[in-house]
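Asker: Structure incoming, see below.
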Ligand SMILES: [Zn+2]
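Numbering (our numbering), first residue to last: 56 to 190.
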């Protein structure tokens, strides 16, 4: 194992274990309001696909992008269309939730198009997040 020890309380450590490329410095590119959502997505996926492989998890076009495979890609795709459909259906639930969840605080939010980068924010966070959109 690596010498990396995660910060105490890093709720996303279990998610990190499924990363295809285990870079200890990698952090998921989602705002603080979506970290619980990302964890719940992982928990739902891992319950049905214990060996799933995660390529990246990030905010893309104002929704959660959970880029993953049902199993590690070894000598090609070895999952069925039905498995793939189910895998994506499990993830889609959380993608849908991300579109109504404030990425900054986790409260109910909606799509905000006032910035160059589109974000899902609640009314309070909409007034706090600057134009560059960094949460
Ligand atoms: Zn908020």
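The C-beta atom is built at its ideal place from N, Cα and C for all residues, glycine as well.
(1) Can you find the residues in the same chain that come closer than 6 Å, C-beta to C-beta, to residue 109, ignoring five residues on each side of it along the sequence?
(2) Whole angstroms is fine: what's the gap from residue 156's alpha carbon to residue 88's?
(3) Would you mind working out which of 144, 77 and 93 sits nearest residue 84, comparing C-alpha positions?
(4) To which residues of the same chain is residue 81 closer than 7 Å at the C-beta, ignoring the five residues directly before and after it?
(5) Output the distance between the C-alpha atoms of residue 187 and residue 171, rounded to the nearest integer angstrom.
(6) Does residue 109 come out as helix, strand or coil in the three-state DSSP assignment?
(7) If you count every other CB in all the chains shown that lies within 10 Å of the CB of residue 98, and 16 or more means buried, which is it?
(8) Would you say the beta carbon of residue 162 is closer than 8 Å to some non-hydrogen atom of ligand 1?
(9) According to DSSP, simplified to helix, strand and coil, what is residue 74?
Answerer: With the structure as the only source:
(1) As a position in the chain shown, residue 109 is number 54, starting the count at 1. Closer than 6 Å at Cβ, skipping near neighbours: 73, 74 and 123.
(2) Taking the chain shown and counting its residues from 1, the one referred to as residue 156 is at position 101. Taking the chain shown and counting its residues from 1, the one referred to as residue 88 is at position 33. Their backbone Cα atoms lie some 7 Å apart in a straight line.
(3) Mapped onto the chain shown, residue 84 falls at position 29. Taking only the C-alpha atoms, the option nearest residue 84 is 93.
(4) Position 26 of the chain shown, counted from the start, is the residue given in the question as residue 81. Cβ neighbours of residue 81 beyond the five flanking positions: 74.
(5) Numbered from its first residue, the chain shown carries residue 187 at position 132. Numbered from its first residue, the chain shown carries residue 171 at position 116. C-alpha separation (whole angstroms): 7 Å.
(6) Counted from its first residue, the chain shown places residue 109 at position 54. Of the three classes helix, strand and coil, the one that applies to residue 109 here is strand, per DSSP.
(7) Here residue 98 refers to the residue found at position 43 of the chain shown. When all chains shown are included, residue 98 counts as exposed.
(8) Position 107 of the chain shown holds residue 162. Yes.
(9) Taking the chain shown and counting its residues from 1, one reaches residue 74 at position 19. Three-state DSSP puts residue 74 in a strand.
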